[in-house]
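K.L.:
I'd like to ask you about the structure that follows.
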């Protein structure tokens, strides 16, 4: 059906760790069912956490032992894909009838990835996307994804894909996703800034697609009983800002700030043809005689064994 309800679930990783956070996610089951949402997008690094303000004991040229301990604790709070947590999320998808897109911290050997997982109500865990480029000092703790996890999936709400946080500002990645025919653009994030709202509206308008962005919401350091260097104790660590945008850049719902909540809007993918009448960024408005993008979707494991 071209019409459906989509949602952004604005919550945050809890101090008690992944088990407590998973219980929080599952507690929204009734609200998801009552909303009628066929898609629920959840924030970046929701399961596993976004350790805002943590330095992991790193100075240029050396690492401190306490930083290694901090990383070990963070690694222990990450999840295996597949694993117990993905089984629980698949169950939530099945019971609610909603496709889920959720940000997690994924263990891969001894490396961590910031990953978006896709769940289908019938098939469970169906795909994942690993963040291609961690931002700034995220590179201390997260590995880089490769072109093998850039899916756009046929779902009950349309052609669905996920781009994580500042990947959304990579023009060539956006072009690749547009070329895959994306209709519902999912943007898990922890970016609370007003500029993020501008980016979401720009992407919806540029790609002539619907955008569902889910941001974490976190209390202030004072409320959490912690101290964060160079951050006001009264300022929320992450203030939210989840938003749903239409294909002409019009805000359909949100932004939701400063509180947890399930943000919803009805979308109609039949609007996309009309929206692209005068601007199809990878179609009649492209100039392939001048510009060409090559995307390498091969997995790059680093070590290959040939028998």
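Residue numbers (full-length UniProt numbering): 1 to 307. Note that the Cβ used here is the ideal one computed from N, Cα and C, for glycine as well.
#1: Inspect the beta-carbon positions of residue 209 and residue 189 and report whether they are closer than 8 Å.
#2: If you draw a straight line from the alpha carbon of residue 22 to that of residue 102, how long is it in whole angstroms?
#3: By the DSSP assignment, the beta strand (DSSP E) with residue 261 in it spans what residues?
#4: Just to confirm before moving on: does the CB-CB distance between residue 297 and residue 172 stay below 8 Å?
#5: I'd like to confirm the pairing. Which residues does DSSP put opposite residue 253 in its beta bridges?
#6: Is it the case that the Cβ atoms of residue 104 and residue 115 are separated by a distance below 8 Å?
#7: Pick helix, strand or coil for residue 197, following the three-state DSSP scheme.
#8: With DSSP collapsed to three states, give me the class of residue 35.
#9: Using the three-state DSSP reduction, which class does residue 287 fall into: helix, strand or coil?
#10: Have a look at the DSSP bridge pairing and note the partners of residue 227.
#11: Sort 20, 56 and 40 by Cα distance to residue 47 and report the nearest one.
#12: Once you ignore the five residues that flank residue 31 on each side, which residues in its own chain have a CB closer than 8 Å to its CB?
#13: Could you work out which residue in 156, 113, 97 and 193 is closest to residue 267 when comparing CA atoms only?
P.N.:
Put simply:
#1: Locating residue 209 in the chain shown gives position 209, counting from the first residue. Locating residue 189 in the chain shown gives position 189, counting from the first residue. Between residue 209 and residue 189, the C-beta spacing is not below 8 Å.
#2: Here residue 22 refers to the residue found at position 22 of the chain shown. Here residue 102 refers to the residue found at position 102 of the chain shown. Each residue's alpha carbon lies about 11 Å from the other.
#3: Along the chain shown, one-based indexing puts residue 261 at 261. Where residue 261 is concerned, the enclosing beta strand (DSSP E) stretches over 261 to 268.
#4: Within the chain shown, residue 297 is the residue found at index 297, counting from 1. Within the chain shown, residue 172 is the residue found at index 172, counting from 1. Contact: no.
#5: As a position in the chain shown, residue 253 is number 253, starting the count at 1. Residue 253 is bridged to 244.
#6: In the chain shown, counting from the first residue as 1, residue 104 sits at position 104. In the chain shown, counting from the first residue as 1, residue 115 sits at position 115. Closer than 8 Å, so yes.
#7: The sequence position of residue 197 within the chain shown is 197, counting from 1. Residue 197: helix per DSSP, three-state reduction.
#8: In the chain shown, counting from the first residue as 1, residue 35 sits at position 35. Here residue 35 sits in helix by DSSP.
#9: What you label residue 287 is simply residue 287 of the chain shown in a count that begins at 1. Note: residue 287 maps to coil in three-state DSSP.
#10: What you label residue 227 is simply residue 227 of the chain shown in a count that begins at 1. According to DSSP, residue 227 bridges with nothing at all.
#11: Position 47 of the chain shown, counted from the start, is the residue given in the question as residue 47. For residue 47, the closest of 20, 56 and 40 by C-alpha to C-alpha distance is 20.
#12: For the purposes of this step, residue 31 is taken as residue 31 along the chain shown, with counting starting at 1. Only residues of its own chain outside the window of five on either side were considered, and among them 262 have a CB closer than 8 Å to the CB of residue 31, listed in chain order.
#13: As a working note, residue 267 is residue 267 in the chain shown. Residue 156 is the option with its Cα nearest to residue 267.
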